[in-house]
Structure formats: C-alpha cells, structure tokens
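K.L.:
Quick one: this structure, given as structure tokens, is what I'll be asking you about.
Residue numbers (the numbering used here): 1 to 87.
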C-alpha cells in the first residue's frame, strides 16, 4: 500500500511540472539507470543522471517554445530557430 501511495504522489508531482522539468526528470532517471547498469557503481549512475538531466532539460525547453524548432548545423552545433512555414 505504501508503494501505491508513493507512486500516486510521484505521478501527481510530475503532472504539475513544465516540459523542461519533466524532460530533466526523465533524463536524469534514465541516465542514472543506464550509467549504473553500464559501470556497475554509484559514480557511473551519478554521471549518467547529470548528463541525462541536462540533456532532458534542453530537449524539454525546446518543446515549450511554440513555433521554434531545434536544428543542428554542419559543424554539429545545436541551435533554435523559427520552424518552416506549414510545419
């Protein structure tokens, strides 16, 4: 019963977050799981959580900007600009 209550509270907390916060949370959890599984220690999980959290926040912030698209130039740098018309 305690697990069900905890899951409901987590679900309600995530439902009230912005897209940036949701992206950061999902990225951090995913990064921690992958980092911990690959390295087998806590440091790998911590590094994975940090990288995943930052990446998720960046992706989430782009989705909060209507009419803005996420691009990559020929040098691999990422930038945000207006979407093409009709997109």
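Even for Gly, the Cβ is constructed at its ideal location relative to N, Cα and C.
Can you tell me which of the three DSSP states residue 68 falls into?
P.N.:
The answer is strand: DSSP assigns residue 68 an E or B state.
K.L.:
I'd like to confirm the pairing. Which residues does DSSP put opposite residue 79 in its beta bridges?
P.N.:
For residue 79, which the question treats as bridged, DSSP gives the partners 71.
K.L.:
Compare the Cα-Cα distances from residue 27 to each of 44, 55, 72, 35 and report the closest residue.
P.N.:
Of 44, 55, 72, 35, the residue nearest in Cα terms is 55.
K.L.:
So, for residue 53: in the same chain, excluding its five sequence neighbours on each side, which residues have a beta-carbon less than 8 angstroms away from its beta-carbon?
P.N.:
Once the five neighbours on either side are set aside, the close Cβ partners of residue 53 are 24, 25, 27, 28, 31.
K.L.:
I need the boundaries of the alpha helix (DSSP H) containing residue 85, first residue and last residue.
P.N.:
No alpha helix (DSSP H) contains residue 85, which DSSP labels as neither H nor E.
K.L.:
What does the Cβ neighbour count give for residue 60, buried or exposed, with the cut at 16 atoms within 10 Å?
P.N.:
Classification for residue 60: buried.
K.L.:
According to the neighbour-count rule (16 or more other Cβ atoms, all chains shown, within 10 Å of its Cβ), is residue 67 buried or exposed?
P.N.:
It is exposed - the Cβ of residue 67 has fewer than 16 other Cβ atoms within 10 Å.
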